[in-house]
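Trainee: Following our numbering, the numbering of the sequence shown begins with 582 at its first residue and continues without gaps.
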Amino acid sequence: MKYYSQSISKRESRVINEDAALAKKGMAAVSDGAGGGGVFAELWSKYLLSQLPVNPLRDFQQLDAWVDGIWEPYYKDCEEKAKQQGALFLNKFYDEGSFATLAAVWLQDSRTAEWMTYGDSVVFCYDFHNHELKYSNIRLSSFDDAPYLIGSNAALKAEGFHARQFQLTDEEVIFVATDALSHYILMRYELCHRENYEDEINEAIAARTKNSNFIKVAEEEAEDFEKCLSELLDAAREQKSFIRLMGSLEDSGLLAHDDYSLAVLDCRQAKKREKTHSHVERHALVWRKKHQPMSLKMLQKKKYKK
């Protein structure tokens, strides 16, 4: 198994990365610190990942008990940091604390992956043999909503928690991403399988948000999903490549301006992984021919046939 992760900040200079990402043998996770509320979002997201349990968080009660067992050391440490910033900052910390999303996946064995999410970070599982993407509970339009957040000194809400399993066959890559990148991935997949997601795509476009605009741009490109995914997974192996790809997608109007985090568990066997790369190239070529733009002559011939 190969595992790797990347987490980068917005492109402006001297901007703090409020995301965190983790990938190690048998586990991958991301946390998106919410800078719009509270303080020390970047510290809280990293702290949550550093404290993740070895075993999966399978229900809301387990999540609640886990947070209840880890918040106090963080609180005391950040209280001292807040005191150094002055009374107003300290009061904000007392009143609000810190907030972040959490998405994590644990490999229990070679056949089962257990995942949980709280907020709008997403766990994905792509089967390169069946060309099927599975993912945690979310819809394209959901990215426009305010996410559920884990607070350092705030009560959790049961409706924000989701957990299930992926069944594996040695053909999958499991990856976890924060919201902006998750929207890009899900958007690409649903547009390539539009016949199955027409209502969901139309719902997201009808919302007339920034995310709606990304979908409209992606509609015009008509890129093959497997090609896009392979490009993303390859870029995530090295930070400079990941930074370049995120910048290119943002400049192209396909990706929201944000911090970006991705954690990957490649569960494919080595030989199958090599075959997948050659298959992806062939699949992408066939897909592009099938979806190539129609020329004027082709259109005229089609009309005359009618």
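Virtual Cβ for every residue (Gly too), placed ideally from N, Cα, C.
Looking at residue 641: is its Cβ nearer than 8 Å to the Cβ of residue 739?
Mentor: Contact flag set, yes.
Trainee: For residue 782, count neighbouring Cβ atoms within 10 angstroms of its own Cβ and tell me buried if that reaches 16, exposed if not.
Mentor: Its Cβ being crowded by 16 or more others within 10 Å, residue 782 is buried.
Trainee: According to DSSP, simplified to helix, strand and coil, what is residue 663?
Mentor: Of the three classes helix, strand and coil, the one that applies to residue 663 here is helix, per DSSP.
Trainee: What first and last residue would you give for the beta strand (DSSP E) that runs through residue 591?
Mentor: Unbroken run through residue 591: none, as it is neither H nor E.
Trainee: For residue 674 and residue 623, what's the separation of their Cα atoms in angstroms?
Mentor: If you take the alpha carbons of residue 674 and residue 623, they lie about 14 Å apart.
Trainee: Quick one, which of 825, 796, 760, 751 has its alpha-carbon nearest residue 847's?
Mentor: Of 825, 796, 760, 751, the residue nearest in Cα terms is 751.
Trainee: Here's the rule: buried if 16 or more other CB atoms are within 10 angstroms of the residue's CB, otherwise exposed. What is residue 700?
Mentor: Buried: at least 16 other Cβ atoms inside 10 Å.
Trainee: Alpha carbon to alpha carbon, what distance is there between residue 658 and residue 650?
Mentor: Cα-Cα distance, rounded: 15 Å.
Trainee: Using a Cβ-Cβ cutoff of less than 6 Å, which residues in the same chain neighbour residue 619 once the five nearest sequence positions on both sides are dropped?
Mentor: If we look at residue 619 and ignore the five residues flanking it on each side, its Cβ neighbours are 677, 678, 679, 680.
Trainee: Below 8 Å on the Cβ atoms is my guess for residue 706 versus residue 742; work out the distance and round it to an integer in Å.
Mentor: Rounded, the Cβ-Cβ distance is 19 Å, inconsistent with contact.
Trainee: Please determine if the region 680-700 and the region 724-739 are in contact, where contact requires at least 3 C-beta pairs separated by less than 8 Å.
Mentor: Output reads yes: the region 724-739 touches the region 680-700.
Trainee: Taking C-beta to C-beta, are residue 849 and residue 754 nearer than 8 Å?
Mentor: Their beta carbons are under 8 Å apart, which means residue 849 touches residue 754 by this criterion.
Trainee: So what does residue 587 bridge to, in DSSP terms?
Mentor: Looking at the DSSP assignment, residue 587 forms a beta bridge with 843.
Trainee: Counting Cβ pairs, one atom from each stretch, are 3 or more of them under 8 Å apart for the region 654-670 and the region 712-732?
Mentor: Taking 8 Å as the limit for Cβ pairs, the verdict is that the region 712-732 does not touch the region 654-670.
Trainee: Where does the unbroken alpha helix (DSSP H) through residue 787 begin, and where does it stop?
Mentor: Residue 787 -> alpha helix (DSSP H) spans 775-787.
Trainee: Residues in its own chain within less than 6 Å of residue 728 by CB, not counting five upstream and five downstream?
Mentor: Excluding residues within five positions, the ones whose Cβ falls inside 6 Å are 682, 700, 701.
Trainee: DSSP state of residue 827, grouped into three classes?
Mentor: Helix, per DSSP.
Trainee: Let me make sure I understand the geometry here. Which of 608, 604, 801, 614 has the alpha-carbon closest to that of residue 761?
Mentor: Nearest C-alpha to residue 761: 614.
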